[in-house]
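Take the sequence shown: its letter number 292 is residue 292 in the numbering used here, and every next letter is one higher.
From the three backbone atoms N, C-alpha and C, an ideal C-beta is built for every residue, glycine too.
Working notes, structure below.
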Amino acid sequence: MLILALLAGAVQAAPVVVGSKRFTESYILGEIARQTLVRGGVPAVHRQGLGNTGILVEALSSGAVDVYPEYTGTIVREILGQGGNPSLAAIDAALAPRGLKAAVPLGFDNTYALAMREDQAQALGITRISDLARLAPGQLKLGLSHEFRERADGWPALQRAYGLPQRGGAALDHGLAYQALRAGQVDLIDAYATDAQLSRPGLRVLVDDRHVFPRYEAVLLMRTAIDPRALAVLQGLQGRISATAMRTMNAQVELDGRSFADVARDFVAPPPVLGRPAAGAAPPAPGRPGFLARLFAPDLGRLLAQHLALVFGSVAAAVLLGVPLGITAWRRPALAGWVLGAVGVLQTVPSLALLAFLIAALGAIGFWPALVALSLYGLLPVVRNTHAGLAGVPAGLGMAASALGLTPRQTLWSVQLPLARPTLLAGVKTAAVINVGTATVAAFVGAGGLGDRIVAGLAVNDSAMMLAGALPAALLALGVQGLFDAIERRLGR
1 MLILALLAGA VQAAPVVVGS KRFTESYILG EIARQTLVRG GVPAVHRQGL
51 GNTGILVEAL SSGAVDVYPE YTGTIVREIL GQGGNPSLAA IDAALAPRGL
101 KAAVPLGFDN TYALAMREDQ AQALGITRIS DLARLAPGQL KLGLSHEFRE
151 RADGWPALQR AYGLPQRGGA ALDHGLAYQA LRAGQVDLID AYATDAQLSR
201 PGLRVLVDDR HVFPRYEAVL LMRTAIDPRA LAVLQGLQGR ISATAMRTMN
251 AQVELDGRSF ADVARDFVAP PPVLGRPAAG AAPPAPGRPG FLARLFAPDL
301 GRLLAQHLAL VFGSVAAAVL LGVPLGITAW RRPALAGWVL GAVGVLQTVP
351 SLALLAFLIA ALGAIGFWPA LVALSLYGLL PVVRNTHAGL AGVPAGLGMA
401 ASALGLTPRQ TLWSVQLPLA RPTLLAGVKT AAVINVGTAT VAAFVGAGGL
451 GDRIVAGLAV NDSAMMLAGA LPAALLALGV QGLFDAIERR LGR
């Protein structure tokens, strides 16, 4: 009974996991939810920037995430595969078989929009989306986000409803779209109604005159099994965030350079006392920190430790699995093609697709799916170089060892593997250096590492933040290569 009581206490003490997608508004809303839970006495953690809708839904279904901010239009079309603008009760009924529910409407609609530069729109006489249909296919260069290009309620729906001749063009991260638009590198982008950049002059939002875009009411999508105490606390957010307030908070991050946590803290803070600024009110803009401040921020040590753990943990796993596979492929030539082909195919699987599959398979987000994915990506150079190194050892040496009375196992360990070691170690070095770069993708599943800075910088178009993540990763790759070069020289002596 005591053990059961302790287990029950441990379960109750488990923090609520709040997720968010990789754009400014989702970061802010996720942080507001976390801070609201903590202020309400419910332990909570925020897993930021967890990729796209598919990854977060898998994380919800597996229990790796308990709640994250979502929009009714996305739920209806991307998760349920339906159409129209059903009520929240109808959405809940459709989500129930999946063990999910859309609760706590936050109070604002963040539907899609299309935006152009004001001067170009005026010159072409474009005020509505339907006006785009009279332009030649190549007259505008489109800079649509990856998700908008593929979503059923995004660009495909607009093309059908308006008969638009334009092609989607190359996809562009939403965090970079406004900069590219103002620089004239693209002419038309997709936007969200609460985007901070829309409040700045020089842009024109096109009227959706055929009302193609559905409503995107912001809600908290959660597991039905979420802690009732957490749900009760989160209900306090219902209807509290207007579109204007959301746009202001987005602007405080993207334009004023404030952190997600600080903006959320101002919103969640209690009513003002003794002249204290009101919750949600914008304080004087401090401006964005410089590059050196970003680079040597207090989180650098933690992110480096997470990155190194992912890299060396995955390389160790790749060696433990890859060397035996390489030996098997060398000893059994009939299997060599299959083994090398299999590890080669693994290298071609898109990283986000593999991470989404591993989240569902492992029922977790964070370190473990990322470690498994990086280990699989590290197999190819290890297996191939093990096979090539052993194949390069002259067969006569094996026969000489047998003539001296060595068993096949002793010959492998005492003669063949030592001679193949330079080639094998080169494969391990290649896997390690590649994984330093690939590990930045782990930020999309909450595994941390230097990719956190890159993803957050993309979300708010902060080049200093992106460089503060990319530069240490590049230096780390050089350091890892130097480490293995030193090991090779030492073993060579």
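So, are the CB atoms of residue i and residue j less than 8 Å apart?
{"i": "Ala431", "j": "Val315", "result": "yes"}
{"i": "Arg223", "j": "Val42", "result": "no"}
{"i": "Ala318", "j": "His387", "result": "no"}
{"i": "Ala218", "j": "Ala113", "result": "no"}
{"i": "Thr194", "j": "Phe108", "result": "yes"}
{"i": "Thr440", "j": "Ala473", "result": "yes"}
{"i": "Leu268", "j": "Met249", "result": "Checking the sequence, you will find Val at residue 268 rather than Leu. No, these two residues do not count as a Cβ contact at 8 Å."}
{"i": "Leu406", "j": "Phe484", "result": "no"}
{"i": "Leu255", "j": "Ala196", "result": "yes"}
{"i": "Ala329", "j": "Val393", "result": "no"}
{"i": "Val433", "j": "Val480", "result": "yes"}
{"i": "Ala44", "j": "Pro15", "result": "yes"}
{"i": "Arg210", "j": "Gly73", "result": "no"}
{"i": "Ala161", "j": "Val205", "result": "no"}
{"i": "Ala171", "j": "Ile189", "result": "no"}
{"i": "Arg39", "j": "Val18", "result": "no"}
{"i": "Arg453", "j": "Leu303", "result": "yes"}
{"i": "Val207", "j": "Arg265", "result": "no"}
{"i": "Leu234", "j": "Leu379", "result": "no"}
{"i": "Leu358", "j": "Ala373", "result": "yes"}
{"i": "Ile241", "j": "Val67", "result": "no"}
If I'm right that residue i touches residue j with Cβ under 8 Å, what's the distance once you round it to whole angstroms?
{"i": "Ala370", "j": "Leu300", "result": "Rounded, the Cβ-Cβ distance is 19 Å, inconsistent with contact."}
{"i": "Ala115", "j": "Leu198", "result": "7 Å"}
{"i": "Leu142", "j": "Gly184", "result": "Not quite, the Cβ-Cβ distance comes to about 14 Å (not below 8 Å), so this is no contact."}
{"i": "Phe23", "j": "Gly257", "result": "Not really, about 17 Å apart at Cβ, beyond 8 Å."}
{"i": "Pro69", "j": "Leu95", "result": "Rounded, the Cβ-Cβ distance is 15 Å, inconsistent with contact."}
{"i": "Tyr27", "j": "Gly51", "result": "With 8 Å as the limit, Tyr27 and Gly51 do not qualify as a contact, their Cβ atoms being about 13 Å apart."}
{"i": "Leu515", "j": "Leu237", "result": "Residue 515 falls outside the range modelled here, since the chain spans only 1 to 493, and no answer is possible."}
{"i": "His307", "j": "Leu478", "result": "Actually they are not in contact, since the Cβ atoms of His307 and Leu478 sit about 14 Å apart, beyond 8 Å."}
{"i": "Ala356", "j": "Ile55", "result": "5 Å"}
{"i": "Leu491", "j": "Val436", "result": "With a Cβ gap of about 22 Å, Leu491 and Val436 do not count as contacting."}
Figure out for me which residue from the options has the closest Cα to the Cα of residue i.
{"i": "Ala53", "options": "Ala400, Phe213 and Glu147", "result": "Before going further, note that residue 53 is Thr rather than Ala in the sequence given. Ranking Ala400, Phe213 and Glu147 by Cα distance to Thr53 puts Glu147 first."}
{"i": "Arg34", "options": "Leu220, Leu425 and Leu88", "result": "Leu220"}
{"i": "Tyr377", "options": "Ala395, Ala342, Thr407 and Gly392", "result": "Ala342"}
{"i": "Val76", "options": "Val67, Ala64, Val65 and Val57", "result": "Val57"}
{"i": "Ala102", "options": "Ser62, Phe23, Leu88 and Ala364", "result": "Leu88"}
{"i": "Pro422", "options": "Gly389, Asp266, Val349 and Arg39", "result": "Gly389"}
{"i": "Thr438", "options": "Ala225, Leu354 and Leu172", "result": "Leu354"}
{"i": "Arg182", "options": "Leu203, Ala170 and Ala171", "result": "Leu203"}
{"i": "Gly81", "options": "Val455, Arg151 and Lys21", "result": "Arg151"}
{"i": "Glu118", "options": "Ala420, Asn85, Leu478 and Asp187", "result": "Asp187"}
{"i": "Arg247", "options": "Thr111, Leu475, Ala477 and Thr411", "result": "Thr111"}
{"i": "Val104", "options": "Ala180, Asn85, Trp155 and Ala232", "result": "Ala232"}
{"i": "Gly313", "options": "Asp173, Ile126, Gln139 and Trp368", "result": "Trp368"}
{"i": "Ala157", "options": "Gly83, Gly322, Val349 and Leu352", "result": "Gly83"}
{"i": "Gly344", "options": "Asn385, Arg331 and Gly366", "result": "Asn385"}
{"i": "Ala243", "options": "Met465, Glu25, Ala486 and Met466", "result": "Glu25"}
DSSP on residue i, reduced to helix/strand/coil?
{"i": "Gly19", "result": "strand"}
{"i": "Tyr178", "result": "helix"}
{"i": "Ile126", "result": "coil"}
{"i": "Pro422", "result": "helix"}
{"i": "Phe484", "result": "helix"}
{"i": "Pro105", "result": "coil"}
{"i": "His211", "result": "coil"}
{"i": "Leu471", "result": "helix"}
{"i": "Val45", "result": "strand"}
{"i": "Tyr162", "result": "helix"}
{"i": "Tyr192", "result": "strand"}
{"i": "Leu135", "result": "coil"}
{"i": "Pro201", "result": "coil"}
{"i": "Leu144", "result": "coil"}
{"i": "Ala225", "result": "coil"}
{"i": "Arg490", "result": "helix"}
{"i": "Arg34", "result": "helix"}
{"i": "Val67", "result": "strand"}
{"i": "Tyr495", "result": "Residue 495 lies beyond the residue range present for the chain, which begins at 1 and ends at 493; the question has no answer from this structure."}
{"i": "Val382", "result": "helix"}
*So does the stretch 398 to 405 actually touch the stretch 461 to 473, counting three or more Cβ pairs closer than 8 Å?*
no
*Counting Cβ pairs, one atom from each stretch, are 3 or more of them under 8 Å apart for the stretch 117 to 134 and the stretch 156 to 171?*
yes
*Between the stretch 406 to 421 and the stretch 442 to 459, do three or more beta carbon pairs fall short of 8 Å?*
no
*Three or more C-beta pairs closer than 8 Å, one from the stretch 290 to 299 and one from the stretch 58 to 65: is that the case here?*
no
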